[in-house]
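FYI, in the numbering used here the residues of the sequence shown are 233 to 525. Just so it is clear, CB atoms sit at the ideal spot from N, CA and C, and this is done for glycine as well. Only a predicted model underlies this, so the values are computations on that prediction, with no experimental measurement involved.
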Amino acid sequence: MDDRSEVREFLMSRRARVTPQQAGVETYGDLRRVAGLRREEVARLAGVSIDYYTRLERGNLRGVSDAVLESIARALLLDHAERDHLFDLARTANPVGLRPRRQQGDTPVRPELQYLLDAITTAPAFVGNNRMDLVAANALGLAMYSPLLEGPDRPVNFSRHIFLDPASHDFYPDWERAAWTNVTILRREAGRSPRDKRLQALVGELSTRSEEFRALWAAHDVRRHYAGQKTFRHPVVGELELHYQTLELHGDPGLSMTTYLATPGSPTEDSLRLLASWAATDAAARVVRLSAS
């Protein structure tokens, strides 16, 4: 990934998205070739010169101050995730004194993390890394993601499953939403870890093999995904409507833990009990393995 093109395409895509009306810019009936803001309008809203903003939008963030970045973020109406992404891009452009993020390798998770997962017995829970690999899970998490674990490839990767496995359209009833969410997470991680070779390789592979991924990646959308609701269609127990909470594991850089919870008294709560029973069977044991057999 070219750092300058990442900056250029991100800023241009955000500028094109904001209309003069949204930004409070008076157009005086001007004929406009595009719906979004002009460069000079962003510069004026941010309190910088047009030449300076043009330099930034061309991908040169070297030496830019936090105050200017904040002004640009306000002018472009960036949300929290987009603002953080802009700052991540700026840190990449100004590496002096920047400590690189430690990357999660292919070693197993700490035993204490697996103990924590195993202590969660009524909800699916798993640990993933910044490349969307399924690194560890509890028994119910393995059972829920059994459609991903049926193949021989390890590590299991959510992105490859969504974009390269046709069966993902059955597992995710709202496949378009799942695909968009996956890409926005990867885009954010690419900004946070621009030197991660394996992350770059994953993006390159998906860009080559999936037209849907290429289109979503080109949109430069980034989002935080720490809490919300997801729906799955499990081949054994049917539809599951689950609330999720994701926590970054600061003691294990690059890893996060996600737990899925059912609404008490809901049909999904009953389905999770059925899934837990299925997880204890021999048939399930042949499928739900994270390590290659």
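Rounded C-alpha distance that separates residue i from residue j
| i | j | result |
| --- | --- | --- |
| glutamate 471 | glutamate 444 | 25 Å |
| tyrosine 284 | leucine 301 | 12 Å |
| leucine 277 | tyrosine 476 | 38 Å |
| phenylalanine 242 | serine 378 | 36 Å |
| arginine 323 | aspartate 298 | 10 Å |
| glutamine 346 | arginine 240 | 42 Å |
| phenylalanine 319 | asparagine 326 | 10 Å |
| histidine 452 | serine 245 | 7 Å |
| arginine 419 | leucine 431 | 10 Å |
| valine 296 | threonine 286 | 13 Å |
| alanine 355 | tyrosine 458 | 17 Å |
| valine 266 | glutamate 258 | 15 Å |
| methionine 376 | histidine 466 | 7 Å |
| glycine 279 | isoleucine 304 | 9 Å |
Secondary structure of residue i, DSSP reduced to three states
| i | result |
| --- | --- |
| valine 341 | coil |
| asparagine 414 | helix |
| arginine 465 | strand |
| tyrosine 476 | strand |
| glutamate 382 | coil |
| glutamate 471 | strand |
| arginine 364 | Contrary to the premise, residue 364 reads as methionine rather than arginine in this sequence. If DSSP states are grouped into helix, strand and coil, methionine 364 belongs with coil. |
| glycine 436 | helix |
| alanine 512 | coil |
| serine 391 | helix |
| serine 488 | strand |
Residue i, buried or exposed, once every other Cβ within 10 Å from all chains shown has been counted against 16
| i | result |
| --- | --- |
| leucine 269 | buried |
| threonine 480 | Checking the displayed sequence, the identity of residue 480 turns out to be glutamate instead of threonine. When all chains shown are included, glutamate 480 counts as exposed. |
| valine 250 | buried |
| threonine 353 | exposed |
| tyrosine 492 | buried |
| serine 281 | exposed |
| glycine 423 | buried |
| leucine 330 | Caution applies to leucine 330, whose pLDDT of 45 falls short of 50 and renders its modelled position unreliable; the value that the coordinates give is listed next. By the 10 Å Cβ count, leucine 330 comes out exposed. |
| alanine 512 | exposed |
| histidine 312 | exposed |
| proline 426 | buried |
Spatial neighbours of residue i in its chain, beta-carbon cut-off 7 Å, leaving aside the 5 residues before and after
| i | result |
| --- | --- |
| arginine 247 | Gly268, Leu269, Val274, Leu308 |
| serine 237 | Gly291 |
Own chain residues within Cβ distance below 6 Å of residue i, not counting five before or after
| i | result |
| --- | --- |
| asparagine 370 | Leu349, Asp350, Ile352, Ala357 |
Contacts around residue i, its chain only, beta-carbon distance under 8 Å, and the 5 residues preceding and following it disregarded
| i | result |
| --- | --- |
| glutamine 254 | Leu309 |
Within the segment 272–298, note down every full alpha helix (DSSP H) run reaching 4 residues or more, in order along the chain. Qualifying alpha helix (DSSP H) stretches, in chain order: 282–289.
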